[in-house]
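See structure below.
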Amino acid sequence: MSYEEIYKLHFHLLKIYEENEKHSSPYQSEIDNFKRQLNLFSGDIVQRIFVMNQLIKIYEKSRESKIKWCSDLYFKI
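Under our numbering, the residue at position 70 of the sequence shown is numbered 1024, and the numbers go up by one with no gaps.
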């Protein structure tokens, strides 16, 4: 897999996360910080992939609490 393909995969995943985020994330300041970094590293695809990977980790961290809440609610019933 080439860097370009990895970049496109990360870009697509981030787009999906952002489209499905209905409310501001508790990690919004971190997300904004990494988005600013994406603009700084516009020339180096490896650095852009790294920053995008950090953004994906933040979105997944945000989802953990939602998943835990759903499972707790389910098992209480």
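Here a beta-carbon is modelled for each residue, glycine too, at the ideal position from N, C-alpha and C. Just so we're clear, the structure is a prediction, and the values are computed from it rather than from any experiment.
Under 8 Å by Cβ, that's how I've got Y981 and K1015 pegged, so tell me the actual separation to the nearest angstrom.
For this step, residue 981 is matched to residue 27 along the sequence shown. For this step, residue 1015 is matched to residue 61 along the sequence shown. Confirmed, Cβ separation roughly 7 Å.
According to DSSP, simplified to helix, strand and coil, what is Y981?
Within the sequence shown, the letter at position 27 stands for residue 981. Of the three classes helix, strand and coil, the one that applies to Y981 here is coil, per DSSP.
Looking at C-alpha atoms only, which residue of Y957, S979, E959 and S956 is the closest neighbour of L1009?
Here residue 1009 is taken as the residue at index 55 of the sequence shown, counted from 1. Nearest of Y957, S979, E959 and S956 to L1009, Cα basis: S979.
Can you tell me which of the three DSSP states F995 falls into?
Looking up residue 995 in the sequence shown gives position 41. The answer is coil: DSSP assigns F995 none of H, G, I, E or B.
Quick check: what's the CA-CA separation for M955 versus L963?
Locating residue 955 in the sequence shown gives position 1, counting from the first residue. Locating residue 963 in the sequence shown gives position 9, counting from the first residue. The alpha-carbon atoms of M955 and L963 are separated by roughly 11 Å.
Under 8 Å Cβ to Cβ from E973, same chain only, skipping five residues before and after it: list those, please.
As a first step, residue 973 is located in the sequence shown; it is residue number 19 there, counting from the start. Cβ neighbours of E973 beyond the five flanking positions: none.
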